[in-house]
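Numbering (the working numbering), first residue to last: 262 to 729. Notes to accompany the following structure.
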RNA sequence: GGCGGCAUAGCCAAGUGGUAAGGCAGAGGCCUGCAAAGCCUUUAUUCCUCAGUUCGAAUCUGAGUGCCGCCUCCA
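See below:
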């Protein structure tokens with residue numbers, strides 16, 4: 262069963278063949294750290310986290326790199342506004358980003374390089390490009406000579422001719438072509454800078470990824486990922502820089518995730534229609550957010566609405582409710598035969614990480630397990646399906662908790678706070694009332710708890726509670 | 001202006017040539033003191049429209065309509 266990946270470079274699904282057998286080297290563009298991260302950033306991270314988890318799950322040795330762009334116009338602007346240094350701004354938001362991603366169960370990449378810690382590598386790469394005639398200096402700036410790189414446009418499917426026809430790009434007289442882009446920018450007063458052979462300055466945006474990916478993964482590696490908005494110009498430029506300098510093909514597979522939308526529009530800082538991860542997690546359990554993000558194929562846009570989050574929550578509740586029924590979940594494999602659900606799940610994931618379909622098969626498993634439990638026969642089978650569902654969930658970075666921890670860890674939607682001890686006491690009181698057929702009091706207790714967002718479920722032998 | 005993507009039930013969403021997964025919501029039933037949870041049954045003769053190719057199309061081709069994105073920073 263081969264793994265297929267949709268490659269932006271070819272515009273089709275291709276069988277995945279690694280550079281080195283059993284190994285995957287993957288580089289994903291991380292954030293520019295000048296503000297809190299929003300759900301759009303979360304999608305990219307969760308999608309590629311799931312890709313990495315899956316590769317590891319099926320036995321690949323993965324080296325996963327995700328950078329931090331920590332020197333940039335926006336960071337400088339932010340620093341000036343808040344009377345902090347650029348470094349303070351970037352460190353603060355790297356910290357916030359890390360907290361958000363940890364909350365979302367995103368694995369830490371093997372390397373998280375920062376641009377500012379790779380200035381030497383960047384300068385060397387720029388010099389190399391100058392020597393090879395692919396770059397030129399103008400008054401302390403260094404530009405990439407786009408016309409000289411014949412494959413320019415191969416990723417985004419555009420040609421320089423097309424671009425000239427349509428674009429109204431601001432003409433910079435100093436550049437040979439309007440599409441030449443900055444590899445190095447000279448420092449203006451008050452901006453952070455490094456001393457280099459081309460003067461005081463800082464790296465352009467694209468060059469860091471070329472320099473850092475080759476340092477950690479080699480000049481040719483397997484997968485390069487990021488949001489669709491990075492295809493042009495960022496990834497196009499990375500290809501140009503890297504392939505011009507190294508003379509080898511850069512990344513073999515390019516994967517791009519679709520946007521998160523609000524009111525049918527791309528969520529973005531500039532449209533000011535974004536929701537931070539931090540705020541979202543105040544209302545929704547992290548696994549719910551993750552489930553939501555994985556409920557649609559990663560290349561399609563996904564609309565963020567309260568209703569769809571609510572739906573994700575209801576769906577996830579359904580899965581965890583099964584675990585409540587099967588009791589303590591043991592996820593140690595006992596080397597059993599895999600169920601048909603398992604095989605369908607793997608097929609879905611092998612087909613360009615079709616998490617939406619994969620989740621569908623999880624639910625088929627949930628129904629089957631519930632059916633078996635209701636029939637009262639072969640509970641062992643129900644248990645083993647539940648165990649498999651846990652493993653499938655773990656591939657997706659969800660179902661990592663016990664049912665109790667999940668249900669009781671959900672952000673409370675009821676206004677009042679009530680302690681587990683108080684809830685237990687009320688359940689005791691209700692139990693007595695029910696025994697005495699005092700259903701009025703029993704229902705009153707249940708209704709009161711419901712008001713506070715606590716749901717009771719009477720089981721044959723006990724009553725369990727959870728947050729709605 | 002250039003380039004690209006999407007359109008499947010009330011809603012969300014798989015399916016890319018062989019006769020419509022899954023979830024939510026709705027209806028009926030079982031279970032329950034009543035609920036909740038769960039299970040069963042049920043909910044698209046049909047996949048934006050119109051042509052075409054084919055024994056056969058939601059799936060391929062062409063035209064049209066609508067929505068979105070990239071071309072400036074963006075996950």
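Beta carbons are placed, not taken as given, at the ideal position from N, Cα and C, and that holds for glycine.
When secondary structure is reduced to three states using DSSP, residue 717 falls in the strand class. With respect to the C-alpha of residue 483, the residue from 334, 707, 414 and 324 having the closest C-alpha is 324. Assigned with DSSP and collapsed to three states, residue 488 falls in strand. Residue 399 and residue 444 do not touch by the CB rule: their CB atoms are close to 11 Å apart, not below 8 Å. Residue range 538-544 is occupied by the alpha helix (DSSP H) that includes residue 538.
In the assembly as shown, residue 720 is an exposed residue. Its beta-carbon has fewer than 16 other beta-carbons within 10 Å. Selection 621, 586, 538 and 382 evaluated against residue 634 yields 586 as nearest (Cα-Cα).
Annotated as distal: residue 453 and residue 531, with beta-carbon spacing of 8 Å or more. The C-alpha of residue 630 is placed about 46 Å away from the C-alpha of residue 496. Secondary structure note for residue 463: its beta strand (DSSP E) is the uninterrupted segment 462-464.
Here residue 358 really is in contact with residue 298; their C-beta atoms are around 5 Å apart, less than 8 Å. The continuous stretches of alpha helix (DSSP H) do not include residue 273, which lies in the beta strand (DSSP E) extending over residues 273-276.
The shortest CA-to-CA distance from residue 536 to any of 546, 666, 558 and 522 is the one to 522.
As summarised for the segment 399-456, the continuous beta strand (DSSP E) elements at least 3 residues long and confined to that stretch are 402-405 and 443-447, given in chain order. Per DSSP, the continuous alpha helix (DSSP H) segment holding residue 696 begins and ends at 681-696. Secondary structure at residue 516: strand, using DSSP grouped into helix, strand and coil. Exclusion of the five residues before and after residue 290 leaves 487 and 491 as the residues of its chain whose Cβ lies within less than 6 Å of its Cβ.
With respect to the C-alpha of residue 332, the residue from 369, 383 and 318 having the closest C-alpha is 383. For the 8 Å CB-CB criterion, residue 554 and residue 366 do not form a contact. In terms of Cα proximity to residue 524, the closest of 562, 417, 385 and 669 is 562. Taken in chain order, the complete beta strand (DSSP E) segments of 3 residues or longer contained in the segment 309-385 are 322-327. DSSP lists 512 as the bridge partner or partners of residue 482.
In this structure, the alpha-carbon of residue 322 lies about 33 Å from that of residue 574. Annotation: residue 295 is outside any alpha helix (DSSP H) and is labelled neither H nor E by DSSP.
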